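> Have a look at the structure that comes next, please.
In full-length UniProt numbering, the protein residues as written are 1 to 116.
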């Protein structure tokens with residue numbers, strides 16, 4: 001599958017794209033991958049896991065675009081309280097997402113493929 005080019009656009013569009021990508025990704029996990037793992041078929045899940053890892057890469061690329069647009073998620077010096085709260089929320093989302101991706105890529109997926 002060819003890699004998607006980095007999207008250059010506004011913050012709202014990038015956040016919307018990330019939301020759509022993650023919503024689709026989580027649906028695939030819940031409907032396909034996690035049931036396979038729960039049924040003890042994790043060792044046969046290389047295909048779905050490869051798709052999930054690729055989508056993790058795509059999400060990471062969108063996070064990098066968001067960081068670029070927002071100057072590493074740093075609000076302008078004169079930003080109002082609402083704007084600062086939004087940037088804080090974006091930072092929390094990025095931290096949570098990166099932790100989620102790390103746990104899946106480095107713990108869940110290897111254990112599933114090993115049949116654990």
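In this text, a Cβ means the ideal position worked out from N, Cα and C, and glycines have one as well.
For clarity, every value in this text was computed on a predicted model and none was experimentally measured.
Are three or more beta carbon pairs between the stretch 79 to 88 and the stretch 32 to 43 nearer than 8 Å?
Not touching, per the Cβ criterion.
> How far does the alpha helix (DSSP H) with residue 91 in it reach, from first residue to last?
Segment 81 to 103, the alpha helix (DSSP H) holding residue 91.
> Give the DSSP-derived three-state secondary structure of residue 10 in the structure shown.
Looking at residue 10 - three-state DSSP - the assignment turns out to be coil, as it is neither helix nor strand.
> From the DSSP output, in three-state form, read off residue 40 for me.
Correct three-state label for residue 40: coil.
> Reducing DSSP to helix, strand and coil, say where residue 115 ends up.
Correct three-state label for residue 115: coil.
> Residues in its own chain within less than 8 Å of residue 44 by CB, not counting five upstream and five downstream?
Taken in chain order, the residues that qualify are 36.
> Residue 48 lies in the alpha helix (DSSP H); which residues open and close that run?
Here the alpha helix (DSSP H) through residue 48 covers 46 to 69.
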